[in-house]
Amino acid sequence: MKKGLNNSAADEIIVPRSVAVIMDGNGRWAKKAGFERIRGHERGIDAVRTTVTECARLGVEALVLYAFSEENWARPKREINMLFKLLKRFLLDERGTLMDNNVRLLHSGRRARLAPDVLELLDETIALTASNDGMQLSLAISYGGRQELVDATQKLAKRVQAGELAPEAIDEQSIHDALYQPSLPDPDVLIRTAGEMRISNFLLWQVSYSEIYVHDICWPDFGKDQLHEAFRDYGRRERKFGKVL
Ligand code: IPE
Ligand code: IPE
Ligand code: MG
Numbered sequence: 577m578k579k580g581l582n583n584s585a586a587d588e589i590i591v592p593r594s595v596a597v598i599m600d601g602n603g604r605w606a607k608k609a610g611f612e613r614i615r616g617h618e619r620g621i622d623a624v625r626t627t628v629t630e631c632a633r634l635g636v637e638a639l640v641l642y643a644f645s646e647e648n649w650a651r652p653k654r655e656i657n658m659l660f661k662l663l664k665r666f667l668l669d670e671r672g673t674l675m676d677n678n679v680r681l682l683h684s685g686r687r688a689r690l691a692p693d694v695l696e697l698l699d700e701t702i703a704l705t706a707s708n709d710g711m712q713l714s715l716a717i718s719y720g721g722r723q724e725l726v727d728a729t730q731k732l733a734k735r736v737q738a739g740e741l742a743p744e745a746i747d748e749q750s751i752h753d754a755l756y757q758p759s760l761p762d763p764d765v766l767i768r769t770a771g772e773m774r775i776s777n778f779l780l781w782q783v784s785y786s787e788i789y790v791h792d793i794c795w796p797d798f799g800k801d802q803l804h805e806a807f808r809d810y811g812r813r814e815r816k817f818g819k820v821l
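Dropping the structure here:
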């Protein structure tokens, strides 16, 4: 847990070191407003900008945003195309936001199914922000928690096969080091919007001791106030890590 910041809403905000967000409910937001689902995704980008800037301002060290899961590939082709169009726009348009806020961009997920133009913009933005030493922002795109563990296991198996690693030397640290982004600390808090009480294959290894915070609001409506509310709630949690306090 990090420094507390005083906020006008009286209660102190405890800023977590590491935050992960399942940004859910774009479709429901759009449906409720009488729009097509894609309008919800479009509005979701504004919420991404707000959360990224506010987390960076508050001093969060690492933020992982679940933007597209491995399972989301099963969505209609049209929705997938629109989502990646928006992602590409985000990667171009928000470069200024990332630079102004000293944010370093990373990617968590598999590259294999990502189109060359998506990879190019992603890699360019990652390279552009590589020397920013403020918050690390990882976009989980084509990401699955089980797939990440499969990929990590394959990496370790190759090292064993090459004679670099003894099977009995495999420990929690070596598994951690084989994950997509080993520089990211485990999330202190996992936020999910739109009320669903499930993990949906997100960061299965990393959330073992994360505090889970679910808000009913849909992602496009998740703003600064809701983020502060989540951090206040987090600050009231008693983290025991199996011990007797
Ligand atoms: C989250 O919103 C965005 C992605 C999964 C890409 P959804 O599109 O899942 O919205 P709902 O859950 O259908 O409301
Ligand atoms: C989780 O949301 C994935 C992302 C937010 C990118 P989903 O909408 O895909 O999750 P389920 O299907 O409700 O579990
Ligand atoms: Mg959803």
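Just so we're aligned, residue 577 is where the sequence shown starts under this note's numbering, counting upward by one. All residues carry an ideal CB built from backbone N, CA and C; glycine is no exception. These numbers were taken from a predicted model, which means no experiment stands behind them.
Taking residue i as the reference, which of the options has the closest Cα?
i: E822; options: A706, R808, E647, W781; result: Absent from the structure is residue 822, since the part of the chain shown begins at 577 and ends at 821.
i: E646; options: S786, L732, G721, P796; result: G721
i: L635; options: M599, V591, L667; result: It should be noted that the sequence gives Gly, not Leu, for residue 635. Residue V591 is the option with its Cα nearest to G635.
i: D676; options: A688, R687, D699, T705; result: T705
i: L803; options: L741, L779, T626, Y785; result: T626
i: I788; options: A596, I589, D587, E588; result: A596
i: R633; options: L713, A688, A606; result: L713
i: T769; options: F666, D797, P761; result: D797
i: A609; options: L755, C794, G818, K653; result: C794
i: V665; options: H791, R619, L639; result: The question names Val, but residue 665 in the sequence shown is Arg. Answer by Cα proximity: R619.
i: M658; options: L639, G603, L681, D699; result: G603
i: D600; options: D727, C631, H791, D587; result: H791
Could you give the DSSP three-state label for residue i: helix, strand or coil?
i: R813; result: coil
i: V636; result: coil
i: R686; result: coil
i: Q757; result: coil
i: R768; result: strand
i: G680; result: It is Arg, not Gly, that sits at residue 680 in the sequence shown. It is a strand residue.
i: F778; result: coil
i: V736; result: helix
i: V820; result: coil
i: A691; result: coil
i: I621; result: helix
i: K746; result: The amino acid occupying residue 746 in the given sequence is Ile; Lys does not appear at that position. Of the three classes helix, strand and coil, the one that applies to I746 here is coil, per DSSP.
i: I702; result: helix
Who does residue i pair with in a DSSP beta bridge?
i: S594; result: A638
i: L659; result: None, per the DSSP bridge assignment.
i: Y785; result: Looking at the DSSP assignment, Y785 forms no beta bridge with any residue, so it has no partner.
i: S714; result: V640, L682
i: S645; result: Y719
Around ligand 1, what residues have a beta-carbon under 5 Å from a heavy atom of it, in chain order? This criterion selects D600, G601, N602, G603, R604.
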